[in-house]
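The sequence shown begins at 116 in the working numbering and counts up one residue at a time. By construction, the Cβ of each residue, glycine as well, lies at the ideal position given by its N, Cα and C atoms. Some notes on the structure that comes next.
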Amino acid sequence: MNIYLVIFITLLAALIASFSQTLYKKAMTRQLDGIRDVLRIATKKPVLLGLGGYVVSLVVYLFALSKAPLSVVYPTFASTFIFITIMSVLILKERVGKRRILGMAVIFIGILIVAVTL
């Protein structure tokens with residue numbers, strides 16, 4: 116299988132995992148104070164959708180691992196840091212500072228280096 120297709124598949128898995136994290140955050144409307152709060156939150160629709168997304172992400176990630184070396188797939192999966200930051204701004208309306216943007220740029224450059232040195 117073409118390595119660039121595997122990288123794309125890994126990016127897809129990272130995107131799904133990142134969206135799942137965003138769903139988890141949206142479900143957290145208050146601090147958890149005990150097991151009842153945990154159980155209440157665990158049955159909310161966003162958490163259940165996020166859990167389903169994680170399962171899909173895992174299947175896609177395992178497929179990518181079956182087709183390419185871990186040394187390629189895992190660094191590419193680090194794109195979750197970039198996706199999470201973008202979703203935090205767009206969906207959760209969080210603010211992102213210049214240092215975080217710089218950090219995302221460094222991660223992106225690292226992923227590019229891994230991709231073009233194959």
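Legend entry - Proximity below 9 Å, CB of Phe192 to CB of Tyr176: Within the sequence shown, numbered from 1, the residue matching residue 192 stands at position 77. Within the sequence shown, numbered from 1, the residue matching residue 176 stands at position 61. Their beta carbons are under 9 Å apart, which means Phe192 touches Tyr176 by this criterion.
Inset, instruction - Take Arg155 as the anchor and find which of Gly165, Leu164, Met143 and Leu166 has the nearest alpha-carbon. - result: Position 40 of the sequence shown, counting from 1, holds the residue named residue 155. Nearest neighbour of Arg155 by Cα position, chosen from Gly165, Leu164, Met143 and Leu166, turns out to be Met143.
Legend entry - C-alpha distance - Ala235 paired with Ile199, whole-angstrom precision: This structure cannot speak to residue 235, because the chain is shown only from 116 to 233.
Legend entry - Rounded distance between the beta-carbons of Tyr189 and Val162, thought under 8 Å: Numbered from its first residue, the sequence shown carries residue 162 at position 47. Numbered from its first residue, the sequence shown carries residue 189 at position 74. Contact between Val162 and Tyr189 does not hold, since the beta-carbon distance rounds to 26 Å and is not under 8 Å.
Inset, instruction - For Leu173, name the three-state secondary structure that DSSP assigns. - result: For the purposes of this step, residue 173 is taken as residue 58 along the sequence shown, with counting starting at 1. Note: Leu173 maps to helix in three-state DSSP.
Legend entry - Environment of Ile226 [buried if 16+ CB atoms lie within 10 Å]: The residue given as residue 226 occupies position 111 in the sequence shown. Of the residues assessed, Ile226 falls on the buried side of the cut-off, its CB having 16 or more other CB atoms within 10 angstroms.
Legend entry - Validate contact between the segment 209 to 216 and the segment 144 to 153 using beta carbons, cut 8 Å, 3 pairs: By the criterion of at least three beta-carbon pairs nearer than 8 Å, the segment 209 to 216 is not in contact with the segment 144 to 153.
Inset, instruction - Pick out whichever of Ser133, Ala179 and Lys213 has its Cα sitting closest to the Cα of Val121. - result: Translated into the one-based positions of the sequence shown, residue 121 becomes position 6. For the residues Ser133, Ala179 and Lys213, the minimum Cα distance to Val121 belongs to Ala179.
Inset, instruction - Please report how far the alpha carbon of Gln146 lies from the alpha carbon of Ile118, in whole angstroms. - result: By one-based count along the sequence shown, residue 146 stands at place 31. By one-based count along the sequence shown, residue 118 stands at place 3. Near 43 Å, if we compare the C-alpha coordinates of Ile118 and Gln146.
Legend entry - Cβ-based neighbour list, Lys141, same chain, cut-off 6 Å, excluding 5 preceding and 5 following: Within the sequence shown, residue 141 is the residue found at index 26, counting from 1. Taking C-beta separations shorter than 6 Å and ignoring five residues to either side along the sequence, the partners of Lys141 in its chain run Pro161, following chain order.
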